[in-house]
Each structure stands twice: as structure tokens, then as C-alpha cells.
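J.: Next up is a structure, given as C-alpha cells.
Protein chains: 2
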Amino acid sequence: MTVTSYVRCSNCAVSKFCLPHTLSNDDIGQLEGVVQQKRVLHAGETLYHTGDHFEGLFAISSGSFKSVVIATNGDSQITEFSFPGEILGFDAYHGKTHNSFAEALETSSVCFLPQAQLDNLSQKVPALQQQLYNLFSAEIQSNNEFLLMMGKRSAEDRLAALLINISSRYSQRGYSATHFRLSMSRTDIANYLGLTIETVSRLIRRFQKESLIEVAQRDITIIDLVGLSELAGTHCSYDQKVASAE
Amino acid sequence: MTVTSYVRCSNCAVSKFCLPHTLSNDDIGQLEGVVQQKRVLHAGETLYHTGDHFEGLFAISSGSFKSVVIATNGDSQITEFSFPGEILGFDAYHGKTHNSFAEALETSSVCFLPQAQLDNLSQKVPALQQQLYNLFSAEIQSNNEFLLMMGKRSAEDRLAALLINISSRYSQRGYSATHFRLSMSRTDIANYLGLTIETVSRLIRRFQKESLIEVAQRDITIIDLVGLSELAGTHCSYDQKVASAE
DNA sequence: CGCCATCTTGATGCTATTCAAAAAATGTGG
DNA sequence: CCACATTTTTTGAATAGCATCAAGATGGCG
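Chains A and B, in that order, are what the protein sequence lines are. Just so we're on the same page, this note's numbering is the position in the first sequence counted from 1, plus 1085. Just so we're on the same page, this note's numbering is the position in the second sequence counted from 1, plus 1085.
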């Protein structure tokens, strides 16, 4: 765990997807006084555990994470994958206990926003308060969309939707929409989609046979973005999460 | 639609499950100045529609609601059932657009909390601000729990979990935990659980055969609360939504 | 190079869906 | 209040989709 004392949102590559997005330069300056540290985690390391008391929010500056809830019987469910600019920790905001844990999928870095100071600042900076509320409701909305998928769509639709989702999030961040490397394992994908690893493997194969994608391990090349989007169905909703956070 | 000008949280039967829960008498007095009207809806009437601009939160004072998201292809998914004391509208908090609609399942009444005034007051009353944050993260947590169920549990487990959930929410409100009338149709139950109506019907029948419950249309009597809870598995989590909102 | 974890592939079975129809409950007008 | 129409719920039979079980292949890594 590496700690860097100074964080400059204004220089950060992902600031336009992150908390500062809607803030004035002045406000960003104030926010920089709150963002305390930059922490580096390697694949498999956790940012917080289930049951941990909430201390503050984490903004992902690089890498990716999975958020996981665990049932009393030991079952686990990945509730979301998170990418640079996105915020982790809302499930326990303000004096609550995390009911999920967040684990790095690859080497990743995060900024820490201690609750007390964030609260303090958001009371003084309405745009920040607003932005926090926006992120909260965006989280609830994206959760609603996901529930729709889990309740109503087939295995095929779900995998297509995930690929389109990841593609659009990468592309928003300036990376290729059609070629990327998955940071999560097949097991993670299966868990997230409520499927088995075998089903995911077979579906990937099928997509490849149907010339929708090209696959080499975790390297994905989307060949037929339109075809895949049609399978996904709800493809437009994916842009909402980030777009709506403005 | 009936409108009553004055709302007194202090007299309200469900205030201890609602926003005022953690507030001092003084703070409740201030909140009463914000709660503008009491609106009555009949079964099938909607509180807000998908796409409506957010105007404020609704606190349910009696009856029950379903919240529904709609896919571009017309599919719909009920994301939650809501009971007296619970708050509707968080999906669009602060200048966003509802991505779901809320529909009364029976004759119900709600209090309206206009955004501007709620904001204003929550800036002055830290306990209210805190309570709002708590409700937000409780919503996210309960969503996480629900995802776990949708992703990992069988049809049988899901129905048992729903019955236990409803039972515990009724019992918290002073009603019987073992005998109640479902306000939602079989179709709603099936939609919520990501199943078909036929499957739900068959499961209800099976539960009856196994002497877990007694059913007469929408009247449910839980005979073996322990057995049903064991099927539900995650039964303890149901208390969290309300309990954690303190 | 060889071990271990991850991923793929095949055969089989079960769960829940789909299609179809009847039964029960609810609503409606005379 | 009853006969009829409509909606909701139940039940049955057949099917499909995904899971489970069981090997086997591949790639990463010491």
C-alpha cells in the first residue's frame, strides 16, 4: 500500500468522470484539500471488507474493482464492476457498515475522501452536495437497470449487455470501444450475471462463432458492435450511469 | 386525489419508521413545516411516471406501492414493494428524472416533501441530513441483498424470502407476522421475483401442501414461520432495511 | 519444465418456462 | 341480486434453457 500525500484533481486524467466533474476550478481547489491520499492496490486486495465501518468514499483513479455481497450461507454476488472515475462506498454512507466488500481486479489506485471532511465541504459547496446526491441516485438507477436484466433477460442477453457496457465505459474514457482486455475472470463474469462459468464460456464461444466478437483469453475484440448491442437490448442505458452524473 | 393542508408527523402512526424516526421533537416540528400535503391514491394510480422530473420525495403514510422500471423493449421489472413509513423517489433525487414509476397497490396515502424545502431544512438540521443519507445507503444495501437473491437463489427460496420479508415488515408495523393480506397480485409477485405467474402459483400450492402456509386468495397465514425462514435463507437481512435507517 | 489455476467442452438432468385450457374470483348491467 | 363478461389464478403436459457433473485443454508462473 503506497501513500502519496498530494492529490491534484485538476491534473487527473479521469476528473471529468469523477466527483470534480461538475465543479468550478475554485471548488475543485477546495476538494483537493479533502482528497487525502492515493492508495495502490494489487489484484485481489480489498479496499474495505463486509462489516467495516464507513470511513469515507473512494474514487478510483486507475484500474478496476468488483463489489461483492455475501449471504449468510456463504453465497456471494458481485453487484458491480467499477472503473476509473467511479466512486466506491456509497452502500455505507454516513456512519453505516459496509454490506459489501470491494476488491481490486488488477493493479489499481484510489483516492480517499474522508467522510468528516467531505461532509464539511459539501455543506459549504452546494455543487459538491448536488454531485453527491447525483451519484447516489445514479447508483440506484443503475441498480434498477441491472435488476431488470437479472429478472427478465436470457443468459445470452446478459453477457452481450455486459460486453456492451464495458465497451462503452472504456470508450468514454478514451479507450477503444471495440478492443479491450477484461480485468475480471470468467468466474467473476458468471457470478455477476447470475450464471455458471460453463454457461459464460459457451456463450463466449457462440458469440465468436457468430462473428460478434473475437476472443483471445481476456482480450476481447468486438466485431459486430451493432449486433451485440441488439442482443444487449438495453444498450442505451449504459451511458446513463456516467452521463447522468453531471 | 384529496389534499389535506396540514400534516403532523408527531401524530402519525408510522413516524417511527419514517423520516422523523431519528429526529428530536424540535426537528420534527420543523419537518412538519416542510411536509406539504397528504395525497390519497387508489389502486392502480401512479405517484410519478418514468421520465417525470424529480420534484420531491414521498413518504407513504398508508397502503402500499410497487416501483417499476421499463426496458426499451417494453419489459418491466418491479424493483421494490413499499409500505407505510418508507420513502419513494430516491432514484431521481435532486434534479434528475425518474427511471421508474410508482403505482399504488391499494388505496394509499402519501406525504409530499418538496425538494427545495427539504434541502433547505436538511442543511440546517444535521440529523435530517444524516437520516437522508441513511435512507439512501439503506436503499443501496437492500438493493444489493435483492441482487444476491436474484442471482443465486431458486424460485422456491425467492418466494419464501418475499413472504418472510412482507411478514416482518407488517410485524414491525404492529400487524400480525403470521396473517396478512397481500396487496399485490400474483403477476406482481412473479414479476418482482423474476419468475412466471404459473411458477408462483405452483410454489404457493407447494408451500400449502408442505404446511408452511395457508392461502385463501390474497390472504396468507404463515403456519411454519421457522421452516419458511429457513427456505428464505437471508431472512435476517429483511429487518435491516428498516432497522438500519436509524 | 511441470504444477496449479483458469478456462473449455461434452453428456446428462433438473428447474422453470411455455403453451393450453379450465376454474375461480371479480366486476357489470339489468 | 343474479346472469354474464372479464380478469386472475390454478393446473397439466411438453419443452427449453441453464446447471451440474466430469474430463480435458490451456496458459501463467515458480
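Note that beta-carbon positions come from the ideal geometry of N, C-alpha and C, so glycine has one too. Predicted model only: the values in this text are computed from it and were never measured.
Sort A:K1294, A:I1172, A:R1124 by Cα distance to A:H1106 and report the nearest one.
T.: Comparing Cα-Cα distances from A:H1106 to each of A:K1294, A:I1172, A:R1124, the minimum goes to A:I1172.
J.: Give a yes or no on contact between the region 1221–1239 of chain A and the region 1211–1227 of chain B, applying the rule of three or more CB pairs nearer than 8 Å.
T.: Judged by Cβ distances under 8 Å, the region 1221–1239 of chain A makes contact with the region 1211–1227 of chain B, as three or more pairs qualify.
J.: By the 7 Å beta-carbon criterion, what residues does the region 1153–1185 of chain B contribute toward chain A?
T.: Of all residues in the region 1153–1185 of chain B, V1154, A1156, T1157, N1158, D1160, Q1162, T1164, F1175, D1176, A1177, Y1178, H1179, K1181, N1184, S1185 have a Cβ within less than 7 Å of some Cβ in chain A.
J.: So who's on the other strand from B:Q1162, going by DSSP bridges?
T.: In the DSSP output, where bridge partners are listed per residue, B:Q1162 has B:V1154.
J.: Taking only the alpha-carbon atoms, compute the straight-line gap between A:E1117 and A:I1145 and give it to the nearest angstrom.
T.: Looking at the two C-alpha atoms, the distance is approximately 15 Å.
J.: Classify B:A1177: buried if its beta carbon has 16 or more other beta carbons within 10 angstroms, exposed otherwise.
T.: Classification for B:A1177: buried.
J.: I'd like the span of the beta strand (DSSP E) that includes A:K1101, first residue to last.
T.: No beta strand (DSSP E) contains A:K1101, which DSSP labels as neither H nor E.
J.: Just the C-alpha distance for B:V1285 and B:L1244, rounded to the nearest angstrom, thanks.
T.: C-alpha separation (whole angstroms): 7 Å.
J.: Let me check one thing: in DSSP terms, what residues is A:H1127 bridge-paired to?
T.: Answer is none; A:H1127 lacks a bridge partner.
J.: Does any residue of chain A have a CB that is nearer than 9 Å to the CB of B:K1237?
T.: Yes, B:K1237 counts as interfacial toward chain A.
J.: So if I threshold CB-CB distances at 8 Å, which residues from the region 1281–1302 of chain B count as touching chain A?
T.: Residues: none.
J.: For the alpha helix (DSSP H) that contains B:V1119, what are its first and last residues?
T.: First-last of the alpha helix (DSSP H) with B:V1119: 1110–1119.
J.: Below 7 Å between beta carbons is the criterion; list the residues of the region 1213–1225 of chain A that meet it against any residue of chain B, in chain order.
T.: So the list reads Q1215, Y1218, N1219, F1221, S1222, E1224, I1225, given in the order they occur along the chain.
J.: Compute the Euclidean distance between the alpha carbons of A:I1305 and A:A1201, then round it to the nearest angstrom.
T.: Near 42 Å, if we compare the C-alpha coordinates of A:A1201 and A:I1305.
J.: Check whether the Cβ atoms of A:F1186 and A:T1131 sit closer than 9 Å, and answer yes or no.
T.: Contact: yes.
J.: So with Cβ pairs under 9 Å, would you call A:E1230 a contact of chain B?
T.: It does: the Cβ of A:E1230 has a partner Cβ on chain B nearer than 9 Å.
J.: Report the option in B:S1167, B:E1283, B:L1217 whose CA atom is closest to the CA atom of B:V1195.
T.: Closest option to B:V1195, Cα to Cα, is B:S1167.
J.: Nearest to B:L1217 by alpha carbon, out of A:S1193, A:I1282, A:H1179?
T.: When each option's Cα is compared against that of B:L1217, the closest is A:H1179.
J.: Classify B:T1192 as helix, strand or coil using the three-state DSSP reduction.
T.: Of the three classes helix, strand and coil, the one that applies to B:T1192 here is coil, per DSSP.
J.: Do the region 1153–1165 of chain B and the region 1248–1255 of chain B touch if we need at least three Cβ pairs shorter than 8 Å?
T.: No: the two stretches stay apart, fewer than three of their Cβ pairs being nearer than 8 Å.
J.: Can you check whether the CB of B:T1164 is closer than 9 Å to the CB of A:L1232?
T.: Yes, the Cβ-Cβ distance between A:L1232 and B:T1164 is below 9 Å.
J.: Determine the chain B residues that contact A:G1141 at a beta-carbon separation under 8 Å, and present them in chain order.
T.: Neighbours of A:G1141 on chain B: none; closest Cβ ~13 Å, over 8 Å.
J.: List the residues of chain A that B:G1279 touches, going by C-beta distances under 8 Å, in chain order.
T.: Going along chain A in sequence order, the residues near B:G1279 (Cβ under 8 Å) are M1235, G1236, K1237.
J.: Using Cβ-Cβ distances below 7 Å, what residues of the region 1306–1318 of chain A are close to chain B?
T.: Listed in sequence order: G1318.
J.: What does A:Q1208 touch in chain B if you count any residue whose Cβ is under 8 Å from its own?
T.: Near A:Q1208 (Cβ distances below 8 Å), the residues of chain B are Q1208.
J.: If you run the structure through DSSP and keep just helix, strand and coil, what is A:P1199?
T.: In the structure shown, A:P1199 sits in a strand (DSSP, three-state: E or B).
J.: In whole angstroms, give me the CA-to-CA distance for A:K1181 and A:D1204.
T.: Between A:K1181 and A:D1204, the C-alpha separation is close to 15 Å.
J.: Taking just the CA atoms, how far does A:A1212 sit from A:L1108?
T.: Computed Cα separation, rounded: 6 Å.
J.: For A:S1038 and A:E1191, which I take to be in contact (beta-carbon distance under 8 Å), what is that distance rounded to the nearest angstrom?
T.: Nothing can be reported for residue 1038 of chain A: it is not among the residues displayed for chain A, which extend from 1086 to 1331.
J.: State yes or no: is the beta carbon of A:N1250 nearer than 9 Å to at least one beta carbon in chain B?
T.: Closer than 9 Å: no.
J.: Take the Cβ of B:G1129 as the centre, count every other Cβ of all protein chains shown within 10 Å, and call the residue buried at 16 or more, exposed below.
T.: Exposed: under 16 other Cβ atoms inside 10 Å.
J.: Using a Cβ-Cβ cut-off of 9 Å, state whether B:N1205 counts as contacting chain A.
T.: B:N1205 does not count as touching chain A.
J.: Tell me which residue opens and which closes the alpha helix (DSSP H) that A:T1284 is part of.
T.: Taken as a continuous stretch (DSSP letters only), the alpha helix (DSSP H) holding A:T1284 covers 1282–1294.
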